[in-house]
Amino acid sequence: MLQTDTYRHKGMRRLLVEELRSRGLFSEEVLDTFQRVPRHFFLDKAFEEWAYQDKPFPIGHEQTISQPYTVALMTQHLAVKKREKVLEIGTGSGFQAAILASLGGRIYTIERVRALYLSSKSLLREMKFSNIQSFYKDGYLGLPEFAPFDKIIVTAGAPEVPPLLPKQLSIGGIMLVPTGVEVQRLLKIVRTGENSWETEDLGEAKFVPFLAGTRPG
Ligand code: SAH
36 MLQTDTYRHK GMRRLLVEEL RSRGLFSEEV LDTFQRVPRH FFLDKAFEEW AYQDKPFPIG
96 HEQTISQPYT VALMTQHLAV KKREKVLEIG TGSGFQAAIL ASLGGRIYTI ERVRALYLSS
156 KSLLREMKFS NIQSFYKDGY LGLPEFAPFD KIIVTAGAPE VPPLLPKQLS IGGIMLVPTG
216 VEVQRLLKIV RTGENSWETE DLGEAKFVPF LAGTRPG
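Listed below in C-alpha cells is the structure:
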C-alpha cells in the first residue's frame, strides 16, 4: 500500500526544492517534478525523515537511491521533452524513473537486481505511472529491441562507456553516463550523426558500481 503524502511532506519537499535551487539548479520544470514526486514513497517508511535531505540513502541489496541534487542535475542535462523515449540503466528505487516520467517521457528502465526490479515496478504501478516499462536485465547491452532512444541515462558508475549504448541513441540524442572506478566523471555524449558522437565532461560524480549480469536474490 502507498504511504500517505501530507502537507508536512509537501513542506519538506518545498525546502528541498529551495536547497536545489540555491545549489544552482535552474530548470523550473525539473524543480517542479521534485515538488510533485513524493520521494519518501521510495524509502522504507521508517526513514521518511531522511527522504527530503539532499543525501543518497541505502535501499538494500548494497544499493542506494541517488542524492536529489545528482538526480536533478542529470535530469536537467537530459532535458526530456513530452513523448520522448528514454532508457534508464539502474532502476534502483524507481525515483529517477518517476522524475523522468513526470516530465512526460516514455521511460524504459532496466535493473539487474531482481528484488529491486520487483519492488520498484510494483511501487511505480501503484503510483499510476503508465509511461514506465520495467525490465529485469543486464543493462550493459541496453535495449536494442526498443532503440533508438532520444535520451539514455546510466545511474551506476561503469569503468568505461558500455559500447553498445551510444549506438542506441537517435541522432541528436543525449546520453549521460558516470565512468570510472572509485570516483567517476559524469560524461554527456551527444550523437551528432550516423557514426559520430561528441563527449563533454560534466565533472566529478560518485555512484554505486555498474555490475555485469543479473542477480536473482
Ligand atoms: N536510479 C536509481 C539509482 C539506483 S543505484 C534511483 O533513482 O534510485 C544504481 C542501480 O543500478 C542499482 O540498483 C544497481 O543494482 C543497478 N545496476 C548496476 N549495474 C547494472 C546493470 N549492468 N544493469 C542494470 N542495472 C544495474
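Note that our numbering has the sequence shown beginning at 36, numbered continuously upward.
All C-beta atoms in this analysis are idealised placements derived from N, C-alpha and C, irrespective of residue type, glycine included.
- In this structure Ile-100 is in contact with Ser-128, their Cβ atoms being roughly 4 angstroms apart against a cut-off of 8 angstroms.
- When rounded, the separation of the alpha-carbon atoms in Val-225 and Ala-86 is 33 angstroms.
- Comparing alpha carbon positions, the residue from Asp-185, Gly-207, Leu-178 and Glu-217 closest to Pro-198 is Leu-178.
- DSSP lists Ile-145 as the bridge partner or partners of Phe-170.
- Bridge partners of Glu-233 according to DSSP: Val-225.
- The beta strand (DSSP E) runs of length 3 or more contained entirely in the segment 105-134 are, from start to end of the chain, 120-124.
- Remark: the shortest separation between the CB of Ala-136 and any heavy atom of the ligand SAH does not fall under 7 angstroms.
- CA-CA distance, Leu-135 to Phe-69, rounds to 11 angstroms.
- Comparing alpha carbon positions, the residue from His-96, Lys-117, Phe-92 and Glu-84 closest to Thr-105 is Phe-92.
- When DSSP states are grouped into helix, strand and coil, Pro-179 belongs to the helix group.
- At the C-beta level, Leu-211 and Met-109 come within 8 angstroms of one another.
- Taking non-hydrogen atoms of the ligand SAH into account, the C-beta of Phe-245 is found less than 7 angstroms away from one of them.
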